[in-house]
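Here the sequence shown is numbered in this note's numbering, starting from 70 and rising by one per residue. Don't be surprised by glycine CBs; every beta carbon is placed ideally from N, CA and C.
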Amino acid sequence: MHELGVVFHIIDDLKVVADENQIDKIEKVTIELGEVSTVIPHFLTDCWKWAAAKETLLESTELKIETIPAITECSDCGKQFGTIAHGKICPFCGSEKTYLVQGNEFLIKEIEIEEQG
Numbered sequence: 070m071h072e073l074g075v076v077f078h079i080i081d082d083l084k085v086v087a088d089e090n091q092i093d094k095i096e097k098v099t100i101e102l103g104e105v106s107t108v109i110p111h112f113l114t115d116c117w118k119w120a121a122a123k124e125t126l127l128e129s130t131e132l133k134i135e136t137i138p139a140i141t142e143c144s145d146c147g148k149q150f151g152t153i154a155h156g157k158i159c160p161f162c163g164s165e166k167t168y169l170v171q172g173n174e175f176l177i178k179e180i181e182i183e184e185q186g
């Protein structure tokens, strides 16, 4: 399960952002996760709960996951299609000359903090 390593990487990035911006507490983190990114969302969530509980900065931080659909494009006919539904073969022309346009991303999209005042 590489999700734990992914979570540690996220936490390291969040610590850097928090330090650079003098943030003591992060309320919510939104992750964009591609459908074919190889990261399993419920494993990621479980690892997050365990690892974040050990960090004062993140001990009650909500992790939100937004899924980015996997889209493939055909080099022969130029049409795009859902990767999960059709795999690598174009459903329009039958070509195997296709490439993934989106869906393998793993990005920290947003970090929310409590209003300081």
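- Non-local beta-carbon contacts of Ser106 in its own chain, meaning distances under 7 Å to residues more than five positions away in sequence, involve Asn173, Glu174, Phe175 in chain order.
- Under the 8 Å Cβ criterion, the segment 143-159 does not count as touching the segment 115-132, having fewer than three qualifying pairs.
- Taking C-alpha positions only, Asp88 is separated from Ile100 by approximately 20 Å.
- If you compare the alpha carbons of Asp82, Lys97, Leu126 with that of Glu135, the shortest gap goes to Lys97.
- Pairing Leu113 with Val75, the inter-Cα distance amounts to about 8 Å.
- Shown here for Phe77: same chain residues with a beta carbon closer than 7 Å to its own, the five before and five after excluded, namely Ala120 in chain order.
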